[in-house]
Amino acid sequence: MELNELERIRCEKIQQMRDSGFEPYPTRTEVTSTTADAIKAFENAEKAGNPETLTAVLGGRLRAVRLMGKLAFAHIEDGSGRIQLFFRVNELGEAEMQRFKDHFDLGDFIQAGGDLVRTRTGEVSLLVRNFKMLAKAITPLPAAKDEVVDGQVVRHATLSDPETRYRQRYADLAVNQEVRQIFRTRAAVVRALRQFLDSRGFLEVETPILQPIYGGAAAKPFVTHHNQLKQDLYLRISFELYLKRLTVGGFDRVYEIGRDFRNEGVSYKHNPEFTQLEFYWAYADYLKVMEMTEEMIAYVCDSVFGTRKLTYDGVELDFNPPWQRVNLRQSLIEKANIDISLYPTAEALEEMMVSLGMKVKPGEARGKLIAQLLEEFVEPTLVQPTFMVDYPRDISPLAKNLPGDPSTVERFEGFVCGMELCNAFTELNDPLEQEKRFLEMGRDYKAGDEEQHPMDEDYLKAMSYGMPPQGGFGMGIDRLVMLLTDQKNIREVLLFPPLRERDDQ
RNA sequence: GGGCGCGUAGCUCAAUGGCAGAGCAGCGGCCUUUUAAGCCGUUGGUUGAGGGUUCGAUCCCCUCCGCGCUCACCA
15 MELNELERIR
25 CEKIQQMRDS
35 GFEPYPTRTE
45 VTSTTADAIK
55 AFENAEKAGN
65 PETLTAVLGG
75 RLRAVRLMGK
85 LAFAHIEDGS
95 GRIQLFFRVN
105 ELGEAEMQRF
115 KDHFDLGDFI
125 QAGGDLVRTR
135 TGEVSLLVRN
145 FKMLAKAITP
155 LPAAKDEVVD
165 GQVVRHATLS
175 DPETRYRQRY
185 ADLAVNQEVR
195 QIFRTRAAVV
205 RALRQFLDSR
215 GFLEVETPIL
225 QPIYGGAAAK
235 PFVTHHNQLK
245 QDLYLRISFE
255 LYLKRLTVGG
265 FDRVYEIGRD
275 FRNEGVSYKH
285 NPEFTQLEFY
295 WAYADYLKVM
305 EMTEEMIAYV
315 CDSVFGTRKL
325 TYDGVELDFN
335 PPWQRVNLRQ
345 SLIEKANIDI
355 SLYPTAEALE
365 EMMVSLGMKV
375 KPGEARGKLI
385 AQLLEEFVEP
395 TLVQPTFMVD
405 YPRDISPLAK
415 NLPGDPSTVE
425 RFEGFVCGME
435 LCNAFTELND
445 PLEQEKRFLE
455 MGRDYKAGDE
465 EQHPMDEDYL
475 KAMSYGMPPQ
485 GGFGMGIDRL
495 VMLLTDQKNI
505 REVLLFPPLR
515 ERDDQ
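Those letters in the first sequence? Residues 15 to 519, per this note's numbering, in order.
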């Protein structure tokens, strides 16, 4: 570890501490409560009229120190919050005051015992009678000072360089409490989703991440290799095919929350690994799933924020059911003045799009062209929570046809702020039809190259035993958290976003 | 992968071809109710790396590394 000047000074302090008999990294602590509990206890004691008897031993990280000669103020921070420490020569004596000044720096974890009091300015504080180092910090935390002006917290010179924040997330978290809050919220969101699904009789399961055949979505997989099996394996790109196998096995309602991996580009809303929620609900269809989606998101809003109206990028979003529903074909008529039913073939649609000056990949499937139109004309306009309903069959090989319309499937996607949040459909459960669809998608019975999705014969086998009719659902948790925490980049809701390894020496 | 931009002290930022600076942090003092504490003094730099132009480069040019935004890719 290469040390800069500040770090060398702190290492010398470690040596000084040891020389004078103080352990900089003791094994035990004597902490009796969190800072928040101590403050709460003091306030309760005040109400009861006997605050002068309250003592505590508190632990935390030194975040601010104000030395004032014969006294000193400091703030320590733990997972529950902050409290002010009040050091005074009256209680401690000259030698202990000096020891505090000599050995302790911002960023150190310390323990302090004493009496809870209110200082002259009214802040609940610990009047320190004894203190010890819990863990000496060598590297100074990035300087961050908060000033309260008219009730607003003004931040001075905080760690803000995104590269450093992501590479050293520990420092980012240690210094930027609003970053910590995002991940607390994220945990609360996931917890609420589990509560909601559990309460509706869904069984949480875990399916393989390493898979011999990937599927359930259109994406390039990551490939890995199992040495003993002498077999290449793929990191899953979705949970879908395994979860639906479970409905064959008799689990009528299953869900999984976990990581998907897609070997594709990174953007503000894409990360190569991301957290997905999928559930499958036997005897339901996409209409029921739509309603459940609305209720589920509302439940998350209620239990995490206590409100269903949240601001994203300055816009108030209303997550109260029901969401707006727009028919895919109708939305294109309204937003782009294009009726796709007038262009029944890919060729006709392509020709029309080219005539509009759009860049079109020649020979693209009709469904893909429609998806392109949606992205261009419709999706950016879907700001309030909206379901887009009824998708082209040829981009939805696992979804069931709309009755009486062989070119359209029962599928919806949920959009908020122009971003796709979830994707769901009435699941195709006809094994012969499913096989046909796979073949239409150009799949071979043999595993081909990475680009080609191999036929999953075992999935067809499962379906051939009889698969209950069901609605299925998938949602990107990272995106949901982005929306709920007003973050514009997916990295802000990932603890350790991927960054290229640095090549410097 | 393409385009645009950025990289200067531990952190946040100045400096534009002419001695590389400030605030905070640090270090040394003063200070018994502070909270961005204050006051006096002071240390700290391979200006991302390498090459080029120039009497002289943080600044101009080239290459590389990293990051950001954006476009493309993305059933």
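Note that beta-carbon positions come from the ideal geometry of N, C-alpha and C, so glycine has one too. All of these numbers come straight from a predicted model, not from anything done at the bench.
For lysine 323, the enclosing beta strand (DSSP E) stretches over residues 323 to 326. Secondary structure of serine 94 (DSSP, three-state): coil. At the C-beta level, leucine 130 and leucine 99 stay beyond 7 Å of one another. Runs of beta strand (DSSP E) with 3 or more residues, each lying fully within the stretch 332 to 382, are found at 338 to 341, listed in chain order. C-alpha of glycine 381 to C-alpha of arginine 96: approximately 56 Å in a straight line.
Per the coordinates, the alpha-carbon of valine 329 lies some 13 Å from the alpha-carbon of glutamine 501.
Under the DSSP definition of a beta bridge, serine 34 lacks any partner. Annotation for asparagine 104: no beta strand (DSSP E) segment contains it, though the alpha helix (DSSP H) segment containing it runs 103 to 117. Bridge partners of serine 281 according to DSSP: His284. The beta carbons of proline 512 and proline 286 sit about 7 Å from each other, so the pair counts as a contact at 8 Å. Assigned with DSSP and collapsed to three states, proline 420 falls in strand. By the criterion of a C-beta distance shorter than 7 Å, threonine 153 is surrounded in its chain by Glu21, once the five residues flanking it on both sides are discounted. Between the beta-carbon of phenylalanine 253 and that of glycine 272 there is about 7 Å, and that keeps the pair under the 8 Å contact cut. For proline 406, the enclosing beta strand (DSSP E) has its first and last residue at 400 to 406.
Here DSSP, grouped into helix, strand and coil, assigns tyrosine 479 to coil.
Here the alpha carbons of phenylalanine 429 and glutamate 305 stand approximately 15 Å from one another.
Contact between alanine 476 and arginine 259 holds: their C-beta atoms lie close to 5 Å from each other, under 8 Å. Here DSSP, grouped into helix, strand and coil, assigns aspartate 129 to strand. In the DSSP annotation of this structure, the continuous segment of the beta strand (DSSP E) that includes leucine 435 starts and ends at 433 to 440.
Under the three-state reduction of DSSP, valine 507 is assigned to helix. Shortest Cα-Cα distance from tyrosine 39 to any of Thr135, Met147, Arg102, Asp119 involves Met147. Per DSSP, the continuous alpha helix (DSSP H) segment holding asparagine 58 begins and ends at 49 to 62. Assignment of alanine 206 by DSSP, reduced to helix, strand and coil, places it in the helix class.
Secondary structure at aspartate 492: helix, using DSSP grouped into helix, strand and coil.
Counted as a single uninterrupted DSSP element, the alpha helix (DSSP H) harbouring lysine 302 occupies residues 300 to 319. Remark: C-beta atoms of threonine 400 and aspartate 299 do not approach each other more closely than 7 Å. The residues Ile352, Asp353, Ile354, Ile384, Leu387, Leu388, Phe391, Val392, in chain order, have a CB closer than 8 Å to that of leucine 346 in the same chain once the five nearest residues on each side in sequence are set aside. The bridge partners DSSP lists for tyrosine 248 are Gln225, Val237. Exclusion of the five residues before and after alanine 379 leaves Ala360, Asp408, Ile409 as the residues of its chain whose Cβ lies within less than 8 Å of its Cβ. Three or more beta-carbon pairs separated by less than 8 Å are not found between the stretch 330 to 343 and the stretch 364 to 374, which leaves the two stretches without contact. The three-state secondary structure of serine 410, taken from DSSP, is coil. Nearest to arginine 451 by C-alpha distance, out of Lys244, Leu435, Arg425, Lys414, is Lys414. In the DSSP assignment, lysine 146 forms a beta bridge with Gln125. In the DSSP secondary-structure assignment, arginine 80 is bridged to Phe87. With respect to leucine 249, phenylalanine 210 sits apart: the two C-beta atoms are not nearer than 7 Å. Secondary structure at alanine 231: coil, using DSSP grouped into helix, strand and coil.
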